[in-house]
Amino acid sequence: MQAKVHVKKGDTVLVASGKYKGRVGKVKAVLPRKMAVIVEGVNLVKKAVRPSPKHPQGGFVEQEAPLHASKVRPICPACGKPTRVRKKFLEDGRKIRACAKCGGSLDVEE
Numbered sequence: 000m001q002a003k004v005h006v007k008k009g010d011t012v013l014v015a016s017g018k019y020k021g022r023v024g025k026v027k028a029v030l031p032r033k034m035a036v037i038v039e040g041v042n043l044v045k046k047a048v049r050p051s052p053k054h055p056q057g058g059f060v061e062q063e064a065p066l067h068a069s070k071v072r073p074i075c076p077a078c079g080k081p082t083r084v085r086k087k088f089l090e091d092g093r094k095i096r097a098c099a100k101c102g103g104s105l106d107v108e109e
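Quick look at the structure:
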């Protein structure tokens, strides 16, 4: 069974610990089986690639590597601070992700 991850693709997050502490970026992908996320511009690694139509010269390509999901905290669009995630029920019965600090919605659809 997969664990649930507290961030979604497209969320703006702050890296809270580790080598990239303090960096802010957008979540490009969520890997629930590994409990990891890929954040734009964070944890860049060099990968050797062979010549192909996409990379005719081959050589080294920089790409983002996954970070453990516990190292990132979503940034609330309402208050602009990194926060923990709470679950909140709306009047119409929907459940949304809410900021633990201000109570604002973290979901972009709202």
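FYI, numbering that gives the first Met the number 0 numbers position 2 of the sequence shown as 1, with every residue one higher than the one before it. Cβ atoms here follow ideal geometry from the backbone N, Cα and C, with glycine treated the same way. On a predicted model such as this, the values are computed, not experimentally measured, just so you know.
| query | result |
| --- | --- |
| Leaving out the 5 sequence neighbours to the left and right, which residues in its chain are closer than 8 Å to Cys78 when beta-carbon positions are compared? | Cys98, Lys100, Cys101, Gly103 |
| Within this structure, are the beta carbons of Gly57 and Val48 separated by less than 8 Å? | yes |
| In the structure shown, what three-state DSSP assignment does Ser104 receive? | strand |
| Considering only their Cβ atoms, is the gap separating Val71 from Val6 smaller than 8 Å? | yes |
| Could you tell me which residues DSSP pairs with Cys98 in its beta bridges? | Val84 |
| Contact defined as beta carbons within less than 8 Å: I believe Lys33 pairs with Thr11. What is the distance between those atoms, to the nearest angstrom? | That belief does not hold up - the Cβ atoms of Lys33 and Thr11 are roughly 21 Å apart, past 8 Å. |
| In the DSSP assignment, what residue or residues form a beta bridge with Arg72? | Leu13 |
| Going by other Cβ atoms of all chains shown within 10 Å of its Cβ, with 16 needed for buried, is Ala68 buried or exposed? | buried |
| How close, in whole Å, do the beta carbons of Val4 and Val36 come, if the pair is a contact with beta carbons under 8 Å? | 7 Å |
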